[in-house]
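Heads up: the structure comes next, in structure tokens.
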DNA sequence: TATGAATGAGCGTTCATTCAT
DNA sequence: GATGAATGAACGCTCATTCAT
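Protein chains in written order, with full-length UniProt numbering: chain P, 1 to 189; chain E, 1 to 189; chain S, 1 to 189; chain G, 1 to 189.
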């Protein structure tokens with residue numbers, strides 16, 4: 001049977017994650033999301049009581065995607081290999097970054113100014129990424145793992161922004177190469 | 001002499017630069033800006049035909065502030081000193097960054113997704129910063145000056161975002177120390 | 001034996017009578033009533049085709065409760081005793097009246113403005129009360145029984161409103177004492 | 001010059017007072033009021049921030065009308081004459097009462113169930129009436145002036161409700177005659 | 001019969017923009 | 001030029017009612 005309720009909820013979350021990312025949180029209307037999800041506007045509210053709840057679900061969807069990606073890296077045997085896989089994944093998304101920036105980063109830029117709980121949600125998602133990177137550096141025996149993780153993620157978020165602002169995917173590629181080299185040069189596994 | 005028209009325009013631009021940065025472009029209303037500038041709402045449209053023009057003026061105001069800052073650095077005798085002065089300036093604004101991010105960066109994150117000209121404006125302002133940094137690296141004799149400049153600005157933009165998302169000014173301080181050391185270690189004046 | 005359909009219908013009517021009275025007709029949603037009755041929303045429409053039919057049923061429930069009360073008074077031997085029992089019953093409900101007014105009165109205040117049949121329903125219910133009171137006065141030999149009945153019921157409806165508006169049950173108590181005395185002073189049994 | 005802003009605000013308040021009374025608070029939409037006042041919907045919010053503020057203004061308009069009426073009675077030399085003038089005024093409005101009830105009473109019946117401040121507004125308006133009536137009874141030397149005032153106002157509110165529910169202005173007339181006689185029979189001026 | 005889900009019209013409200021003076 | 005007021009097109013959200021199973 002096609003189109004169950006689970007389907008619909010998932011379609012809504014997927015549509016929200018996509019459209020909110022592509023258009024920005026404030027510019028996106030419930031109608032935009034509903035249209036993308038092929039769900040009647042009124043029906044959205046059966047699944048989500050407010051627009052903010054949809055935004056939250058979209059952030060959680062990003063967290064899920066992030067976890068799925070890092071989980072996949074666990075098959076790699078060394079933390080260095082995992083970090084480099086992360087960079088490679090980012091490199092693949094550079095065209096998208098040129099158009100809309102980093103999904104987590106650009107939504108967090110809007111949510112970070114809020115004071116209604118969604119800023120905390122953004123922090124949680126971003127924290128997942130930093131934590132995972134930190135873990136890799138820790139496994140590499142780095143005492144400054146947290147600082148390195150913050151540095152790496154900041155570099156990625158920053159270059160995502162520049163890549164988007166200058167609409168130039170080559171910027172992402174160049175910067176990721178630098179990060180690649182930097183990781184290679186680090187002591188530890 | 002009472003408040004002139006120039007006064008009013010400048011007050012509007014200053015208010016726009018501040019409020020758009022603090023609240024975000026989409027969340028800010030013309031009324032918000034008018035109130036901050038102490039200008040009657042109806043009068044705004046004498047100086048700016050649309051909200052977008054106000055946004056553009058706010059970005060240009062950021063460009064002007066940026067130029068003023070880098071101009072002030074020209075009294076310093078070495079490019080290294082100038083770059084480190086830039087970092088020092090950013091360090092001083094870390095509390096503000098924790099609340100609202102980088103003015104140019106957070107507005108660019110919203111404008112970068114547009115396709116109406118304001119994305120180009122954001123690119124221009126961000127370009128000013130990268131160009132100036134690049135010039136310093138060139139003066140230091142670095143052949144990879146552009147790449148270094150992109151890297152430095154990206155690091156700053158990224159840590160601005162993280163500092164805002166995690167509402168933690170210490171992140172900015174830590175990362176800027178790293179960048180300081182990195183510049184110190186570079187070859188050239 | 002589990003909850004039968006009769007059960008459900010009765011629960012819905014009871015819930016409607018309660019919630020419509022407490023919240024007002026327009027402020028009450030079908031979902032409110034369904035929740036209170038512990039009946040799924042979609043199922044309400046098997047028993048009642050429209051919200052108005054539920055409102056009508058609630059009014060009829062009030063009529064039934066009213067009849068049950070006056071029937072119980074029939075064991076009393078004199079009409080005066082019956083009227084005084086009525087007042088005593090109202091006195092007991094004064095706390096409720098302070099919160100929501102008189103059930104019949106406050107719903108009738110909303111329904112009286114309509115022109116869709118529910119105003120007639122309200123008139124019927126209110127008529128039951130006036131008729132019963134009139135009958136007592138007639139039994140007391142009063143030629144002006146109808147007028148006395150209208151006066152008594154109006155006094156009760158009015159003091160119910162004031163008790164609710166001023167949120168003060170003492171108003172009801174005071175006024176009912178006056179009515180008690182008034183009845184005592186009347187000629188006839 | 002026709003149609004000033006004061007005009008418009010007053011038209012809105014007058015329209016609100018009328019339509020909210022005739023249709024009930026919840027059944028009335030902002031569009032209803034705007035249409036009656038011949039004001040564009042969006043413009044209503046220039047004068048009133050919320051629907052509730054319009055409701056409050058409508059209640060205050062009733063208070064104003066009530067004060068105007070009682071003020072006019074001050075030319076009468078005895079409190080009895082004033083009270084009888086009040087009853088006469090109510091008698092004149094019996095056709096309206098048959099269609100919509102008492103303005104203050106029927107709106108208070110809806111507002112009395114609230115807990116958001118409008119219930120207090122309703123209490124204030126109703127209080128004005130009770131206070132004025134009490135003052136007349138006090139001037140008549142009645143120690144039980146408050147109780148008499150509550151009784152009189154309750155009788156009026158109750159008969160207003162019955163008159164509306166039964167759509168019969170004669171009920172109002174009859175009951176007011178009884179109240180007239182009652183006042184005539186009272187000791188004092 | 002029973003029910004969660006669907007539907008769409010409409011509500012209160014906001015706001016960029018325009019108008020009248 | 002300056003300004004309070006006006007305008008109307010959305011927007012987020014609610015809800016009576018209907019549908020599909």
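Positions of the beta carbon are idealized from the N, C-alpha and C atoms, including for glycine. Just so we're clear, the structure is a prediction, and the values are computed from it rather than from any experiment.
Under the three-state DSSP convention, the category residue i falls into
i: residue 127 of chain G; result: helix
i: residue 101 of chain S; result: coil
i: residue 95 of chain S; result: helix
i: residue 147 of chain E; result: helix
i: residue 69 of chain E; result: helix
i: residue 248 of chain E; result: Residue 248 of chain E falls outside the range modelled here, since chain E spans only 1 to 189, and no answer is possible.
i: residue 79 of chain G; result: helix
i: residue 158 of chain E; result: helix
i: residue 59 of chain S; result: helix
i: residue 140 of chain P; result: coil
i: residue 50 of chain E; result: coil
i: residue 9 of chain E; result: helix
i: residue 27 of chain E; result: coil
i: residue 42 of chain P; result: helix
i: residue 184 of chain P; result: helix
i: residue 32 of chain E; result: helix
i: residue 1 of chain P; result: Note that residue 1 of chain P has pLDDT 36, beneath the 50 cutoff, so the model's placement of it is unreliable and no number is given.
Inter-residue Cα distance where the pair is residue i and residue j
i: residue 16 of chain P; j: residue 54 of chain P; result: 7 Å
i: residue 147 of chain E; j: residue 57 of chain P; result: 37 Å
i: residue 138 of chain S; j: residue 151 of chain S; result: 14 Å
i: residue 45 of chain G; j: residue 44 of chain E; result: 21 Å
i: residue 2 of chain P; j: residue 23 of chain S; result: Reliability of the predicted coordinates at residue 2 of chain P is poor, the pLDDT of 45 falling under 50, and the value obtained from them is presented with this limitation in mind. In a straight line, the C-alpha of residue 2 of chain P is about 41 Å away from that of residue 23 of chain S.
i: residue 105 of chain P; j: residue 8 of chain E; result: 36 Å
i: residue 88 of chain G; j: residue 176 of chain G; result: 8 Å
i: residue 110 of chain P; j: residue 102 of chain G; result: 52 Å
i: residue 6 of chain E; j: residue 159 of chain P; result: 38 Å
i: residue 90 of chain E; j: residue 123 of chain P; result: 22 Å
i: residue 153 of chain S; j: residue 171 of chain G; result: 12 Å
i: residue 50 of chain S; j: residue 39 of chain S; result: 16 Å
i: residue 117 of chain G; j: residue 120 of chain E; result: 51 Å
i: residue 63 of chain E; j: residue 52 of chain E; result: 17 Å
i: residue 114 of chain S; j: residue 114 of chain P; result: 46 Å
i: residue 178 of chain P; j: residue 178 of chain E; result: 16 Å
i: residue 143 of chain S; j: residue 92 of chain G; result: 27 Å
Cβ-based neighbour list, residue i, same chain, cut-off 6 Å, excluding 5 preceding and 5 following
i: residue 61 of chain E; result: 13 and 17
i: residue 134 of chain G; result: 145, 146 and 149
i: residue 48 of chain P; result: 54
Contact check, residue i vs residue j, beta carbons under 7 Å
i: residue 245 of chain E; j: residue 34 of chain E; result: Residue numbering for chain E in the displayed model covers 1 to 189; residue 245 of chain E lies beyond these limits and cannot be assessed.
i: residue 173 of chain P; j: residue 98 of chain P; result: no
i: residue 157 of chain S; j: residue 186 of chain G; result: no
i: residue 28 of chain G; j: residue 19 of chain G; result: yes
i: residue 125 of chain P; j: residue 59 of chain P; result: yes
i: residue 155 of chain E; j: residue 165 of chain P; result: no
i: residue 145 of chain E; j: residue 130 of chain E; result: no
i: residue 73 of chain S; j: residue 85 of chain S; result: yes
i: residue 37 of chain P; j: residue 11 of chain P; result: yes
i: residue 195 of chain S; j: residue 76 of chain S; result: In the structure as shown, chain S begins at 1 and stops at 189. Residue 195 of chain S is therefore absent and cannot be evaluated.
i: residue 141 of chain G; j: residue 188 of chain G; result: yes
Sequence-distant residues of its chain with Cβ nearer than 7 Å to residue i (five each side left out)
i: residue 136 of chain P; result: 79, 82 and 83
i: residue 183 of chain E; result: 80, 83 and 84
i: residue 21 of chain S; result: 100, 103, 106 and 107
i: residue 132 of chain G; result: 70
Nonlocal neighbours in the same chain, by C-beta distance under 8 Å from residue i, ignoring five residues either side
i: residue 169 of chain P; result: 94, 95, 97, 98 and 163
i: residue 180 of chain S; result: 84 and 87
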